[in-house]
Each structure stands twice: as C-alpha cells, then as structure tokens.
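Let me begin by presenting the structure, written as structure tokens, before commenting on it.
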Amino acid sequence: MTAISIQHLTKRYGDFTAVDDVSLEIADGEFMVLVGPSGSGKSTLLRMVVGLEDISDGDLYFGDQRVNDRAPRDRDLAMVFQNYALYPHLTVYENIAFPLRLHKVDGKEVDTKVRKVAEMLELTEFLDRKPANLSGGQRQRVAMGRAVIRDAHAYLFDEPLSNLDAKLRVQVRTQIARLQNQLGTTTVYVTHDQVEAMTLGDRVALLRRGTLQQVGTPRELYERPTNLFVAGFMGSPPMNLLPAEIHPDHLGLPFGDIPFDAARLPASLADEDAIIVGIRPEQLADASLLADEQRRHGATLKGRIDVLEWLGDEQMAYLPFEAPEAIHKQLTELQKELDSESDQTQLIAKLDGASKAREGDEIELWLEPGDLHLFDPAGTQNVTSELKPAA
Amino acid sequence: MRTSKRARIWLGVAAIAVVVWALMPVVWIVSLSFKHGDDIDNKQFWPTQWSWDNYKTVFGTDLFTSALRNSLGISLIATTVSVVLAMFAAYAVARLDFPGKRWVLVSALAVSMFPAISIATPLFNLWREIGLYDTWAGLVIPYLALTLPLSMWTLTSFFRQIPRDLEQAAQVDGATTWQAFRRILVPLAAPGVFTTAILAFFIAWNDFVFGITLTSTDKARPVPAALAFFSGASEFQQPTAAIAAASVVVTIPVVVLVMLFQRRIVAGLTGGAVKG
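Chains as they are written, first to last, in the working numbering: chain A, 490 to 880; chain B, 1281 to 1556.
See below:
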C-alpha cells in the first residue's frame, strides 16, 4: 500500500498531447476515480502510472520513490484491463496464480492464496475451467482475482465494467466497492461513467482533453463544479445550462425572470451583459404542488412541456428553448464533447411522480434562487462562490 | 430445389473427379511398389502378385537407409532452427518498433523469390572452398534460407492476432518481456508454430535441387537426390519398382505429420482471452 504522487505528468504522441501537465495526489488507501469522456486522456494517464506508456514529462512517485523509469513488473501494481486480458490457455486457477508463479512463490502457499481469493470472489467451482467457458461477469471476477492475489502497492482498474450488461454492472460495482473497503488498498479507477465515479470514488478527478478540470469528493464535484464542463458532466440527467441576460435586479432566462441583484456579481464580470446559469433538474419543482408560502420565497419559470417521461416515482419534463447564437454554439459543442447526440438546447426538470403535468401543457417550475450556479459566459469558471453577499 | 439438387450432384461429381485426378499417380506408385519382379511392364494397373520384395530391396541398400537418415536429420534441424529464429524475428516485427521494420518482411519475401537453381551453382563452388560441401550443415543452411521467409510471414501474422493486452497484463503481473513471450505469446501462437513447422519441414524434405547439387556421398545425400542413384536388380532392369517403394516410404512421414498436427491446428485456441 502506497500513496501515489502524480506531478505534472505529460504524454505526447508527436504533436498531439494526450495528457497535459496533470498533477494529482492519491493518498494511501484512497479510492481515486479518473473520469472523463472518451479521448480525455484518463486511460493514458493510468497506463503511465502502471508503466505501459512512457512518461513524456513530469514525475511519478510511489511513496517517496521516483518510479518514472521502472518497468511495469518493478512497479508492483495490479491492474484489471477493460477486456480482462485473461490468459486463454490457462485455467482460472492458473490465471489467478500467474502473478505468484512469476514471483516464484512456493506451491503450497499459492494453493492457499488462490483458494482464498476464489472463495472471496465466488469462483471456487470454476477453478478448473478455461476463460472461454466463463460468462462475462465470471471473467471479470477472474481478472479481479488475478489483481488482488498479491499485495500490490495499488490496484488499477481500466473501465472494468464497460463490457458488462447494465444489471451486472451494478452488482460488480458494489462488489468492487466492498473489496476495496475490505482490503484498504490504494485504488485508481478509470471510467467514462459519472455514476460509477460518484458511487465508487473517495475522490474523483475529472479530465477533459488531457487536462485536469477538478479533483474532489463526488459531493464537491456535484455541488460546486468549477466550470461548465464539470457541471455538464456530473449528474444524470446533467445540469441545465441556460443563457441569462443581466439586469440590475433580475436575470432574464428563456423561461422567465429570476430576482437577482446584479451588484453582487464579481468585478471580473462587471462588463458582461449575459452569463450562463446552471440549474440541476432536481432543483426544479412543479409549482402547482407547492404551498403558497413556499412559492412566495422562490422564483418561478414558465414553459411548455415538449416531452414528458413518466418513471413512476418521478418524471422528466423536457422544455426546449432558443439560446442566442454564440451561447447555443457553445452549449451544443459542450454536449458533443460529453458524448451526447443532442444538438438542441432544452431544459430538463425532474418532477415529482404526483405532478399532473401533461405533454403540451404550460407548466410553472419553482426553484430556490440560492441553488443557482452562475458561470462566466466563456464557461471556464463557476463564479457562484465569488458572489458578494446579498444586501 | 431442383436446380440446387442438380448443382449438388455436379459438385459431387466434380469433387470425385478432382480427387481421382490427384490421387491416381499416388495409387499407381503404391501399386507399382508392390509389384513382383517382372510384372513392372505387364501393362496391368494392379499387381498380379503382391510382394514386399521392393521394400526389402530398398531397406537393404545403404544408399536408401543413409539417405533417409540424412533427410530426417537435416529436415528436422532446419525446421527447428528456422521456426525458433522465425519466432524471434516475427515477435520483433509484430510487437517492437524499430526503423526499417517494413523492409524486414519485404526483403524476406524478396529473398524467397529467387529460384533455388540460380544459387545452387555458386553455393556448390563456395561450399567446396570452405568445406561445407557434402555435409549436413551444407544443406541445413540453404534450407534455412528457403524456410525462414515463409516461417516469418506466417508467424508474424499469428503473433499479430494475439491481443497485446495479454502480454501487457503479464508484464504488470511481474513478467519480464522474455517471460511474457515464452509463457503467454508462444503457447497462444502454438497452432501457428505447428503450422509453420510443418510447412518448413515439407520444404526441406521435398527439396531436390540443393540435395543433388551440394552432396556427393552417403554422408549427406537426402532421399530425393538418392532416388536418382537407384539401380535395378540386374543391369538390364529398370529400378522403377524400387524407386516406387522408396517414394512411398518418404511420403509416409509427411502424411503422418499432417495427421499428427492437424489436431493441433485448431482455430479458437485464443477464445475467451478478451471479452467474447
């Protein structure tokens, strides 16, 4: 078990920079999730840590030892590959035992350890099988068994769940979380799925085009995203991002005005006449379900529901809107980068299952103005925390 | 349905025709080899009297037995060396980055395009000068030149089919490059290695040009060359039957090899390595 210190790591392929000056401190025993859309450099970063990719620039430390130039086998890490990379000519038993065989561990000890790991991962009855005769979930467990069989400095997971079907994914996710709790080994976990990131990580590092956007607990990333990208990435459905005109006493949104004292904006935005407002879908409520008391101290937006998805305990309302050219372009580009196909700007509201709203209806959506996230028009910064206190 | 049935019949007829066409000479040689004494030119397809005499004659002569020993030894050595060298070369081409990588395979192919006969004469002179003439090594070396290009090509394509992740996983598990090669890549490429070995063995085993040019005595002369030196039971008799018997004997190892390795050449050995 070791702390991993990533200092200004950079990976270049010719002119292309896959990982750009990323620094990250992973504490001993911590579960760190590297998350980002495809092409964000998260896997490359992991492969630099394990030693399968050379480091173009920067330093990598395990504890107080610099390991840049160590071969993978000398780094003493264990890794679970995206496609499991099981050895097809070996039985499950020998697959799990393989790292011990390489380290010339005594046969009796190997047997004890393999059986213990197999029991932990519920693989005992499959020990004599070849990987070809296992289901996807079983193969995945064998890959994990091969990783945890020895006391590695850290466990690395490269999108280990992406080849499993949705139901199995949830099960294995829980299993990984439990395993890490039991073993308490430093873990670095790469995924493109923000749900995995939120549920598994002690902390989450979000990458975009090779640069680090934000590191923090899942709660921090969710509640205080540093920029539009983080805001758009974390949460499902993602945060609504709407253009807002700045008026002295209110913000003009596509669906109505929200009272706001423009004097509170930080000095850096004094010259702007528009900003981007972020609202989480779950922060919007069907106003008709609320008591008058509550309605009065919040703000209301009004719009027509285009599509309504009823999910039992809750329902998703989609309300399209027109954004000014520049902002529309920015938002749709962001969508694309987040691997979403939608090129339409729309507001999503997560309504209570009890709401009687119907498709095509005009609806009033209530929100607490204090819940708003405010971003500068370029989207590079969340300025909510820089607001001056209300008068 | 009618046409498809007719097509099947025609296909069957064509298949039988091809098989008969291909096997007829072989059957004839087998038949010849069992003919007794003067039956050779009696214009009958099958022997009137089956006999082992020709085989006894063939195995009774030093010419044949030593040639058989030479052929086996030389072909096996050439095959083994060729496959081992080709494995290393193919690994480098399939997995490593080095300048001029493309040219390795291309030039290997170019080398194999040379007609053997064109280098036989220069080799004859060279071998006599440096003392390799009429030795096993003198044949193993040209056979390597014949078999290596083919072995490299087949093995390279086999290695390329094996997912890189497997070796990388092995390295992370603590394997050296050599261990990953020997314990993961080679076992997985085993079907390819066997296929390659069989092909290489055939090339060496069937060679006539180098065999006849670079040898002069029992010391190194392989079977295909030795067949030309057979003589009949008397000076008036053609050695046809003896040659037929010898031919049958040298065909046997080839058939046995194919039978043995056919089961090893199974696809799907890599099944289950990565997600299926």
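For every residue, glycine included, the Cβ atom is placed at its ideal position computed from N, Cα and C. Since the model is a prediction, treat every value here as computed from it, not as a measurement.
Within chain D, the residues that residue i reaches when beta carbons sit closer than 7 Å
i, result
"Leu591 (chain A)", "Of the protein chains in this structure, namely A and B, none is chain D."
Where residue i sits in the DSSP three-state scheme
i, result
"Leu1465 (chain B)", "helix"
"Lys605 (chain A)", "helix"
"Ile764 (chain A)", "strand"
"Leu579 (chain A)", "coil"
"Ile638 (chain A)", "coil"
"Ser874 (chain A)", "helix"
"Gly625 (chain A)", "helix"
"Leu1549 (chain B)", "Here Leu1549 (chain B) scores only 42 on pLDDT, less than 50, and its place in the model is too uncertain to base an answer on."
"Arg1375 (chain B)", "helix"
"Ala733 (chain A)", "strand"
"Val1361 (chain B)", "helix"
"Phe810 (chain A)", "coil"
"Gly1556 (chain B)", "With a pLDDT of only 36 at Gly1556 (chain B), under the threshold of 50, the placement of this residue in the model should not be trusted; the figure read from the coordinates follows. Reduced to three states, the DSSP call for Gly1556 (chain B) is coil."
"Thr700 (chain A)", "strand"
"Arg599 (chain A)", "With the sequence shown as reference, residue 599 (chain A) is identified as Val, and Arg is not the correct amino acid for it. Helix."
"Ala560 (chain A)", "coil"
"Arg1382 (chain B)", "helix"
"Glu611 (chain A)", "coil"
"Gln833 (chain A)", "coil"
"Gly528 (chain A)", "coil"
Beta-carbon neighbours of residue i, restricted to chain A and to distances below 9 Å
i, result
"Asp1414 (chain B)", "Within 9 Å Cβ-Cβ: nothing; Asp1414 (chain B) doesn't reach chain A, min ~44 Å."
Amino acids of chain A, ordered along the chain, whose beta-carbon sits closer than 8 Å to that of residue i
i, result
"Gln1448 (chain B)", "Leu541, Pro561, Phe570, Ala574"
"Pro1443 (chain B)", "Asn572, Ala574"
Proximal residues of chain A, C-beta to C-beta of residue i below 7 Å
i, result
"Leu1468 (chain B)", "Pro577, His578"
"Ile1464 (chain B)", "Tyr576"
Per-residue contacts from residue i into chain B (C-beta, under 7 Å)
i, result
"Phe587 (chain A)", "Asp1453"
"Arg662 (chain A)", "Under the 7 Å cutoff, chain B gives no residues; its nearest Cβ is about 17 Å from Arg662 (chain A)."
For residue i, the residue or residues it bridges with in DSSP
i, result
"Gln804 (chain A)", "A:Trp799, A:Leu840"
"Phe520 (chain A)", "A:Thr676"
"Pro748 (chain A)", "A:His739"
"Phe551 (chain A)", "A:Ile493, A:Gln554"
"Asp546 (chain A)", "A:Thr499"
"Val1307 (chain B)", "Val1307 (chain B) pairs with nothing; no bridge assigned."
"Asp647 (chain A)", "A:Val679"
"Asp864 (chain A)", "Per the sequence shown, residue 864 (chain A) should be read as Phe rather than Asp. For Phe864 (chain A), which the question treats as bridged, DSSP gives the partners A:Ile765, A:Asn871."
"Glu853 (chain A)", "A:Lys791"
"Val693 (chain A)", "A:Val522, A:Gly705"
"Ile515 (chain A)", "A:Ile493"
"Val508 (chain A)", "A:Lys500"
"Leu566 (chain A)", "A:Ala643"
"Asp775 (chain A)", "A:Leu854"
Burial state of residue i (16 or more Cβ within 10 Å)
i, result
"Glu519 (chain A)", "buried"
"Pro561 (chain A)", "buried"
"Asn1322 (chain B)", "exposed"
"Ile1289 (chain B)", "exposed"
"Arg785 (chain A)", "exposed"
"Gln683 (chain A)", "buried"
"Tyr1371 (chain B)", "buried"
"Tyr644 (chain A)", "buried"
"Ile1296 (chain B)", "exposed"
"Val1393 (chain B)", "The sequence shown places Met at residue 1393 (chain B), rather than the Val named in the question. Answer is exposed; the Cβ neighbour count stays below 16."
"Ala1460 (chain B)", "buried"
"His736 (chain A)", "exposed"
"Asp1453 (chain B)", "buried"
"Tyr502 (chain A)", "exposed"
"Ile1383 (chain B)", "In the sequence as displayed, the identity of residue 1383 (chain B) is Trp instead of Ile. Counting Cβ neighbours within 10 Å, Trp1383 (chain B) comes out exposed, since fewer than 16 surround it."
"Val1391 (chain B)", "exposed"
"Glu1447 (chain B)", "buried"
"Val524 (chain A)", "buried"
"Arg847 (chain A)", "exposed"
"Arg692 (chain A)", "buried"
"Thr675 (chain A)", "buried"
"Arg662 (chain A)", "buried"
Chain-ordered neighbours of residue i on chain B, where CB pairs are closer than 9 Å
i, result
"Ala567 (chain A)", "Val1452, Asp1453"
"Arg635 (chain A)", "Ala1449, Asp1453"
Heavy atom of the ligand COA within 7 Å of residue i beta-carbon
i, result
"Val1503 (chain B)", "Inclusion of the ligand COA in the displayed structure is not the case, the ligand content being empty and no account of it being possible."
Unbroken stretches of the alpha helix (DSSP H), 4 residues or longer, contained in the segment 1452 to 1501 of chain B: For the segment 1452 to 1501 of chain B, whole alpha helix (DSSP H) runs of length 4 or above, ordered along the chain, are 1457 to 1460, 1470 to 1486, 1489 to 1493.
Continuous alpha helix (DSSP H) assignments of at least 4 residues falling wholly in the segment 1401 to 1460 of chain B: 1416 to 1441, 1444 to 1452, 1457 to 1460
Secondary structure, beta strand (DSSP E): runs of 3+ residues fully inside the segment 1324 to 1370 of chain B: none
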